[in-house]
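Per our numbering, the sequence shown runs over residues 106 to 403. C-beta atoms are modelled at their ideal positions from N, C-alpha and C, and glycine is treated no differently. Working notes, beginning with the structure itself.
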Amino acid sequence: MEIENKTEVTEFVLLGLSQTHEVQLFLFFLFLLFYVIVLPGNILIILTVRGDPQLDSPMYFFLANLAFLDICYCFITPPKMLADFFSQRKTISSRSCIAQLFFLHFLGGAEIFLLIAMAFDRYVAICKPLHYATLMRKMVCWILVLAAWAGGFTHSLIQVAFVVRLPFCGPNELDNFFCDVTQFIVLVNSGLVVLICFILLLLSYGVLLFRLKTGISRGKRKAVSTCITHIIIVFVMFGPAMYIYCRPFHSLPLDKVVAVFHTVVFPLINPMIYTLRNREILSAMKQILDVIAWLCKD
């Protein structure tokens, strides 16, 4: 019996978003402009929450952590994507590909679990208001955030543990701008996690809205507005993720568009959605911007 020699793949060729130079140039400036505008906005959210004593509550603490996670998430694939717009041959080593996959699912998983922590915070605030200060102490909030990071790390580690044992023998061309060669593996792990968490979050916010349906006090109006904002963020985050991981893997023309929104656009928009619907944090941000403008004048 003749044994065929198989060469292990050490790098992958990324076909990117487009092969046309003019389109690549347009996309580069479009995404760069988006980052220049939106990224400082997320940093401003963190500085505002950290610097304003009136925002010293679990809800804003989780929001600042959400903004931080999304900023980290957007440093995984976009920098290489922007650099590849000027490369004739877009390649990534197999080790870098595994690292990219690990951090994508690490931070993505951590964000999913953080959204669950935010849902728990809203449950306690609405259903157990008299016990809120006791149940949601600073230490508890830190434990929930660390648990979210640990959950994301474990979720990603399980996938990478399976992937690193597999030999990559070709083909080494990926019709995308980042690594998704292991989609046949992450379909079961990520798809199941995404679907279960999405259903749980929708059910929990549905219950909270049902509890709030009676009464029209200012406090209840604000609680309903906060819950609706969280639901919007859940749909914005889970929609593309379910499209990618909760369906049989077949390459479709829409895949790249969804991938761009999932890895580049939506992560930075999530905290902004929350901020634009919250008067307290908008007012605090305006004060910080006024102080910065005054300092710049001097």
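query                                                                                                                        : result
Distance CB(Ile349)-CB(Val365) smaller than 8 Å                                                                              : no
For Thr196, the residue or residues it bridges with in DSSP                                                                  : Val118
DSSP state of Leu138 mapped onto helix, strand, coil                                                                         : helix
Spatial distance of Val265 from Leu206 (CA atoms)                                                                            : 8 Å
Leu359 in three-state terms, based on DSSP                                                                                   : coil
Own chain residues within Cβ distance below 8 Å of Leu317, not counting five before or after                                 : Ile231, Lys325, Ala328, Val329, Cys332
Whole-angstrom distance between Ala398 and Ile203, CA atom to CA atom                                                        : 44 Å
Ile336 to Val229 span [Cα, whole Å]                                                                                          : 17 Å
Length-filtered (4 minimum) alpha helix (DSSP H) runs lying within the stretch 330 to 395                                    : 360 to 365, 371 to 381
Beta-carbon contacts of His236 that lie in its chain and below 8 Å, excluding the five residues immediately before and after : Val229
Test: Ile148 CB closer than 8 Å to a CB of chain C                                                                           : This model lacks chain C altogether, as it is built from one protein chain only.
Local Cβ density within 10 Å of Ala215, reported as buried at 16 or more and exposed below that                              : buried
Bounding residues of the alpha helix (DSSP H) (the contiguous stretch that carries Phe167)                                   : 163 to 178
Test item: CB-CB of Val268 and Cys351 under 8 Å                                                                              : no
Buried or exposed (CB count within 10 angstroms, at least 16 for buried), Phe315                                             : exposed
The stretch 301 to 313 touching the stretch 375 to 384, judged by at least three CB pairs closer than 8 Å                    : no
Between the CA atoms of Ala252 and Ser201 - distance to the nearest angstrom                                                 : 27 Å
Stretch pair the stretch 174 to 187 + the stretch 119 to 139: three plus CB contacts closer than 8 Å                         : yes
Burial state of Ile96, where buried means 16 or more other Cβ atoms lie within 10 Å                                          : Residue numbering for the chain in the displayed model covers 106 to 403; residue 96 lies beyond these limits and cannot be assessed.
Start and end residues, alpha helix (DSSP H) containing Lys243                                                               : 243 to 268
Gly213 classed as buried or exposed, judged by whether at least 16 other C-beta atoms fall within 10 angstroms               : buried
Rounded separation between Leu297 and Thr380 - CA only                                                                       : 30 Å
Spatially closest choice to Thr125 from Val312, Ser192, Cys179, Leu160, by CA coordinates                                    : Ser192
Leu240, enclosing alpha helix (DSSP H) - first and last residue                                                              : 237 to 240
Segment limits, alpha helix (DSSP H) that includes Lys185                                                                    : 183 to 189
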